Amino acid sequence: MFQRSSLIILCSLVALVYGRSLPSFIKPCKRNDPQLEKCLIELIEGIRSNLAKGIPEMRIPPLDPLHVPQVTLDQGSGSVNFQAKFKNIIASGAKNFNLTGVRLDFNVPSLSIDVGFPALRLDSDYNITGKVLVVPIKGNGKCQGNFTNVFASVKLLGKYDKRDGKTFLSVKERKINLKIGNLQIHFSNLFNGNKQLSESTNVFINENWRDILQEINPLVEDTIGEVMMQIIKGLLDLYSLEDLIPY
1 MFQRSSLIIL
11 CSLVALVYGR
21 SLPSFIKPCK
31 RNDPQLEKCL
41 IELIEGIRSN
51 LAKGIPEMRI
61 PPLDPLHVPQ
71 VTLDQGSGSV
81 NFQAKFKNII
91 ASGAKNFNLT
101 GVRLDFNVPS
111 LSIDVGFPAL
121 RLDSDYNITG
131 KVLVVPIKGN
141 GKCQGNFTNV
151 FASVKLLGKY
161 DKRDGKTFLS
171 VKERKINLKI
181 GNLQIHFSNL
191 FNGNKQLSES
201 TNVFINENWR
211 DILQEINPLV
221 EDTIGEVMMQ
231 IIKGLLDLYS
241 LEDLIPY
């Protein structure tokens, strides 16, 4: 009796993991569809309304706001020379993304996503020391960044895994090309709370943000990369390519 019960439980677990059916809000795409890119966009758009609060059954956590534990920047050469650590990052506005392209290369394999964000707000704790252009900077406290018209090309590289005769795509690496339309950023408590130095440094940074953007790109790249990873990984970890994109 015990062995029979154990077998029933085991079979039920296998069915749960490998026989998982797609939620009603996910519409699969045909692999030979001449408009596959459009269908993939619609597939991802289908889960948008559930992203803010998260989708536990797909292992997708709440994405708006999104929590990123830490990003470290270490720029040690040129006119921008500083070390900064951003912790407890909270990103708002991610749910309002606009998908403009989704391409799946079955040969590599890779998934490329073109996505825009009308506005992103990042709030975090920070610790920074160094020099930005000709201005020294030092402090720790709260940081707020408002990014508008953000566009990113995200490429997720992976490998195929076979599970119970089905093919899954596991994401192993991500690459991001980022463009930012505008940025306003504010560091509180610079120079141990010296109000005059703090205000003048914040003004200088915001007047010259394009010159230092390349150095702070990783902060935004990691945030956007995390958004895309959480969405796509939830899909690809649970559902096979045969389920999502059947022949």
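Take 1 as the starting number for the sequence shown in the UniProt record's numbering and just add one per residue. Built from N, CA and C at the ideal position, the CB exists for glycine as well. Since the structure is predicted, the reported quantities are computational estimates derived from the model, not experimental observations.
- Between F147 and V220 a beta carbon distance of about 6 Å is seen, short of the 8 Å cut, so the two are scored as contacting.
- Scanning its chain for C-beta atoms nearer than 7 Å, with the 5 sequence neighbours on each side dropped, one finds around R103 the residues E37, S112, in chain order.
- With a threshold of 16 other beta carbon atoms within 10 Å, T201 meets it and is buried.
- In the DSSP annotation of this structure, the continuous segment of the alpha helix (DSSP H) that includes D222 starts and ends at 209-238.
- DSSP places I44 in the uninterrupted alpha helix (DSSP H) bounded by 36-45.
- Contact between the segment 90-109 and the segment 66-75 is present: three or more C-beta pairs spanning the two stretches fall below 8 Å.
- Its Cα nearest to that of K142, the residue S198 stands out among N98, L120, V171, S198.
- Contact holds between the segment 130-145 and the segment 181-191, because three or more Cβ pairs, one in each stretch, are under 8 Å apart.
- The beta carbon of F204 lies closer than 7 Å to those of V135 in the same chain, with the five residues before and after it left out.
- Of all alpha-carbon atoms in Q83, V80, L157, the one lying nearest the alpha-carbon of G225 is that of L157.
- K131 sits in a strand when the DSSP states are folded into three classes.
- In this structure, the alpha-carbon of R174 lies about 15 Å from that of G234.
- Our two residues, L238 and Y126, have alpha carbons roughly 36 Å apart in a direct line.
- Here G130 is near Q83, since their CB atoms are less than 8 Å apart.
- The Cβ atoms of P61 and Q230 lie closer than 8 Å to each other.
- Using a Cβ distance threshold of 8 Å, L99 and I47 do not count as a contacting pair.
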